[in-house]
Amino acid sequence: MACFYLFLNIFFFTISIFIPPSTPHLTNSTNIDGFTVRLIHRNSHLSPFHNHSLTTSDRIRSAVHRSFSRLNRFHFLISPSLISDISPNIVPDDGEYFMTFYIGTPPRQVYALADTGSELTWVKCLPRKQRHEETPHTFDPSKSSSYKKLSCFSPSCNSLNMNKRLCTKGSCYYIEKYGDGLTTTGTLSVDKFSFEDDYKNAMDVDHLIFGCSDDASGPVIGNETGIVGLTRRPLSLVSQLNYTKFAYCMVIPTNNQWSGTRSKMYFGSETEFLGGQAPLVIGSNNQYYYLTLQGISVGDEKLQIPSGIFDITENGQGGFIIDSGTTYTLLQGEAFDALVNALSEAINLPQRRNYGEELELCFEGSFEDLVSQPDVTFHLNATDLILTKETTYEEVETGVWCLAILRSKNPLSILGNVQQRNYYVSYDLRNGTEAVYFAPVDCAVF
Numbered sequence: 000m001a002c003f004y005l006f007l008n009i010f011f012f013t014i015s016i017f018i019p020p021s022t023p024h025l026t027n028s029t030n031i032d033g034f035t036v037r038l039i040h041r042n043s044h045l046s047p048f049h050n051h052s053l054t055t056s057d058r059i060r061s062a063v064h065r066s067f068s069r070l071n072r073f074h075f076l077i078s079p080s081l082i083s084d085i086s087p088n089i090v091p092d093d094g095e096y097f098m099t100f101y102i103g104t105p106p107r108q109v110y111a112l113a114d115t116g117s118e119l120t121w122v123k124c125l126p127r128k129q130r131h132e133e134t135p136h137t138f139d140p141s142k143s144s145s146y147k148k149l150s151c152f153s154p155s156c157n158s159l160n161m162n163k164r165l166c167t168k169g170s171c172y173y174i175e176k177y178g179d180g181l182t183t184t185g186t187l188s189v190d191k192f193s194f195e196d197d198y199k200n201a202m203d204v205d206h207l208i209f210g211c212s213d214d215a216s217g218p219v220i221g222n223e224t225g226i227v228g229l230t231r232r233p234l235s236l237v238s239q240l241n242y243t244k245f246a247y248c249m250v251i252p253t254n255n256q257w258s259g260t261r262s263k264m265y266f267g268s269e270t271e272f273l274g275g276q277a278p279l280v281i282g283s284n285n286q287y288y289y290l291t292l293q294g295i296s297v298g299d300e301k302l303q304i305p306s307g308i309f310d311i312t313e314n315g316q317g318g319f320i321i322d323s324g325t326t327y328t329l330l331q332g333e334a335f336d337a338l339v340n341a342l343s344e345a346i347n348l349p350q351r352r353n354y355g356e357e358l359e360l361c362f363e364g365s366f367e368d369l370v371s372q373p374d375v376t377f378h379l380n381a382t383d384l385i386l387t388k389e390t391t392y393e394e395v396e397t398g399v400w401c402l403a404i405l406r407s408k409n410p411l412s413i414l415g416n417v418q419q420r421n422y423y424v425s426y427d428l429r430n431g432t433e434a435v436y437f438a439p440v441d442c443a444v445f
């Protein structure tokens, strides 16, 4: 009997050695049909990019730069053969909202930008020569017992476009090109993932395929931490989880301050279809989320712009993309000019033109002066998107309000996230019913 108890003591002591340290409560993926995560704006004090020394004007200039970078990136990816001079204006850290999640065993917390314009989820991994060093917001695959590289012959590797994959020593490497001479590469990998909900529960979604980015070449790359891909392509997060719907609700900051804001993203069963329905344009390029923009109004006056100006052309140019990562909406030049002219005539306030070059129309006055002015409405196929004054103008300095819509420098137009704030935006990805829904809500309390 004494030997038996001695055996039990040794047995349980041995188990205790190999049980990993306690982690947040994990829920098994087979029981998860949906979950909700917090979105962190890059200017929030919770963001890895937060810089408290930046002024409001600095942040707006940076957002303008990122918006044009994003536009150039889409234009390059849609038609790389037509682009030869935009690569210096493309940076991979051009997104706006971060998600936090955990990878590996034991779990390592990382940050990545939620991106409806990317397929592959990837995170910044420690270069091989730096592994075993503690670096914030990076993933060290050598410290995860559940990490594996994917083979060149795996179906996931084959699902990557031919120009985005490379086989070396049997492993699958991916290549993301942001422009001429600017490239990030890494290993296509698989590991355990979990996402933290509002109640600090880590929702275990089991193993997911992702990119472990450990190399960059070309012009200097920014402080990007990674990407959460949300397109309809096979390796995106929603596709891997077999979810046919997701949504987000982005708050409006209080006095340009992001502390305490409650933007969220919803996946699977946590998603509802609310508000007006705008069918997605289904065509040859289904990676991005194209909508049909039929026209724009200022108050009751519809802008005089050519019919079909926002349609996709035969060579794949143009169109109107809804995007979570672009800050400010960008409109094709002819439509932008019509909008600026209409607002100039409709709003009886002192004007400033070309504030900071890219902000082409600004008004002097208080926010209350703007409230009584006519609204801007985007007429989508089957529904209208009415922009509030908070999402139409931004205060660049005390008493100066600029139009938060930019002139596109190519045929493509993009609906940015500023104009989506205080809308519950949900994506229906089911075959035959593909659409985006817009419901006006107060995202701070929704």
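Here numbering that gives the first Met the number 0 is used: the first residue of the sequence shown is 0, the next is one more, and so on. C-beta: ideal position from N, C-alpha, C; glycine also. Computed from a predicted structure; not experimentally measured.
Check, Outcome
"Span of the alpha helix (DSSP H) holding T391?", "K388 to T391"
"What are the boundary residues of the beta strand (DSSP E) that P439 is part of?", "A434 to P439"
"For the alpha helix (DSSP H) containing P66, name the first residue and the last one.", "Contrary to the premise, residue 66 reads as Ser rather than Pro in this sequence. Element bounds for S66: T55 to I77."
"Below 8 angstroms CB to CB, which residues in the same chain sit around H206 once its five sequence neighbours on both sides are set aside?", "S145, V189, D190, K191 and F192"
"Expressed to the nearest angstrom, what Euclidean distance is found between the alpha-carbon atoms of Q331 and T104?", "48 angstroms"
"A111 bridges to which residues according to DSSP?", "M98"
"In the DSSP assignment, what residue or residues form a beta bridge with Y422?", "P439"
"Within the 8 angstroms Cβ cut-off, does L119 reach chain D?", "The structure shown contains no chain D; it is built from a single protein chain."
"Once DSSP output is grouped into helix, strand and coil, what is the label at P140?", "helix"
"Give the list of continuous beta strand (DSSP E) stretches no shorter than 3 residues that lie fully inside the region 281-350.", "292-297, 319-321 and 328-330"
"Would you mind stating whether Y113 and Y101 have Cβ atoms separated by less than 8 angstroms?", "Residue identity differs from the one stated: residue 113 is Ala in this sequence, not Tyr. Not a contact, by the Cβ cut-off of 8 angstroms."
"Go through its chain and collect everything with a Cβ distance to V308's Cβ below 7 angstroms, but skip five positions before and after it.", "It is Ile, not Val, that sits at residue 308 in the sequence shown. Contacts found: Q331, E333 and A334."
"In whole angstroms, what is the alpha-carbon distance linking D203 and L236?", "14 angstroms"
"Does DSSP classify S21 as helix, strand or coil?", "Bear in mind that a pLDDT of 34 at S21, under 50, signals an unreliable position, so the model cannot answer this."
"Using a Cβ distance threshold of 8 angstroms, determine whether the region 265-278 contacts the region 296-307, with at least three qualifying pairs required.", "no"
"Distance check for Y327 and E357, CA to CA, integer angstroms please.", "11 angstroms"
"Per DSSP, which one or two residues make a beta bridge with T120?", "Answer is none; T120 lacks a bridge partner."
"Across which residues does DSSP place D196 in a beta bridge pair?", "In the DSSP output, where bridge partners are listed per residue, D196 has none listed."
"Only counting the same chain, and skipping five residues up and downstream in sequence, which positions put a Cβ closer than 6 angstroms to that of F266?", "G33, F34, Y242 and F245"
"Looking at L234: is its Cβ nearer than 8 angstroms to the Cβ of T291?", "no"
"In the DSSP assignment, what are the bridge partners of P464?", "Examination of residue 464 is not possible in this model, given that the chain is present from 0 through 445 alone."
"In its own chain, which residues sit with a C-beta less than 6 angstroms from the C-beta of I311, not counting the 5 before and 5 after it?", "G317 and G318"
"So, using beta-carbon positions, are I385 and D374 closer together than 8 angstroms?", "yes"
"N416 and M249 - do their beta-carbons sit closer together than 8 angstroms?", "yes"
"Please state whether DSSP places S238 in a helix, a strand or coil.", "helix"
"Within this structure, are the beta carbons of V435 and A277 separated by less than 8 angstroms?", "yes"
"Hey, how far is the Cα of D213 from the Cα of L187?", "11 angstroms"
"Whose C-beta lies closer than 8 angstroms to the C-beta of T55 among residues of the same chain, with five residues either side of it excluded?", "N255, E394, V395 and E396"
"My output table needs one value for I220: the three-state DSSP class, helix, strand or coil.", "Caution applies to I220, whose pLDDT of 44 falls short of 50 and renders its modelled position unreliable; the model cannot decide the point."
"Buried or exposed, going by whether 16 or more other CB atoms sit within 10 Å of the CB of A341?", "buried"
"Hey, V227 and A111 are a contact pair by Cβ (cut 8 angstroms); roughly how many whole angstroms apart?", "5 angstroms"
"Pull up the CB-CB distance for T115 and Y288, whole angstroms please, since I reckon it's below 8 angstroms.", "6 angstroms"
"With respect to the alpha helix (DSSP H) encompassing S155, which residues constitute its N-terminal and C-terminal limits?", "P154 to S158"
"Please say whether R232 and L428 have beta carbons closer to each other than 8 angstroms?", "no"
"Taking the beta strand (DSSP E) that V227 falls in, what are its first and last residues?", "G225 to G228"
"Could you check if R420 is buried or exposed, using at least 16 other CB atoms within 10 Å of its CB as the buried criterion?", "buried"
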